[in-house]
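Asks:
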Amino acid sequence: MSFPSDFLPTHERHTATVVEPAVIVERGEEVEDWSDPTLVELAGCIAYPGAVDADWQRAQALGIDFTVLVPSSYVLPSGNFRVRIEHESGDFILKGDIKRWVYGQRFDAFALELERRRDGV
719 MSFPSDFLPT HERHTATVVE PAVIVERGEE VEDWSDPTLV ELAGCIAYPG
769 AVDADWQRAQ ALGIDFTVLV PSSYVLPSGN FRVRIEHESG DFILKGDIKR
819 WVYGQRFDAF ALELERRRDG V
């Protein structure tokens, strides 16, 4: 399924790649192994620059580098994952929860608010 062509028509469609870590047992504990991840391509996504929103009660800023709308026909992982966006360098991490955006009967998507990984790993 893809989005209606007249919904956000000015936004180019991108391919987002979900990067999930493998799980290995290390010293009796299950840990994430990012050296051999599983890659799943999600075609037809809408990606646009994010914004900064201040949380004045906690005195911190929430920086969102990209918002990606993923067609609801895809199954997104429930655990830890990273996202790569076509034509953008680096990995992005999810900030907050995956949101569901339903607009009448014409539009149904998951909204991912992403922040660029800045830890150099």
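The sequence shown begins at 719 in the working numbering and counts up by one. Just so you know, even glycine gets a beta-carbon here, dropped at the ideal spot from N, CA and C.
Tell me whether Lys813 sits in a helix, a strand or coil according to DSSP, three-state version.
Replies: Lys813 falls in the coil class under three-state DSSP.
Asks: Considering only their Cβ atoms, is the gap separating Phe828 from Arg836 smaller than 8 Å?
Replies: Cβ atoms of Arg836 and Phe828: not closer than 8 Å.
Asks: Indicate the three-state DSSP secondary structure (helix, strand or coil) for Glu744 in the structure shown.
Replies: It is a strand residue.
Asks: With three or more C-beta pairs closer than 8 Å as the rule, is the region 729-744 touching the region 793-804?
Replies: Touching, per the Cβ criterion.
Asks: Would Asp815 and Val737 qualify as a contact pair, given that the criterion is a beta-carbon distance under 8 Å?
Replies: The answer is no: Cβ separation not under 8 Å.
Asks: For Ile742, which residues from the same chain have a beta carbon less than 7 Å from its beta carbon, with the 5 sequence-adjacent residues on both sides left out?
Replies: Excluding residues within five positions, the ones whose Cβ falls inside 7 Å are Val749, Asp751.
Asks: The beta strand (DSSP E) with Phe799 in it runs from where to where?
Replies: Counting along the chain, Phe799 falls outside any beta strand (DSSP E), and DSSP gives it neither H nor E.
Asks: Alpha carbon to alpha carbon, how far is Leu812 from Gly746?
Replies: Going from the Cα of Leu812 to the Cα of Gly746 covers about 28 Å.
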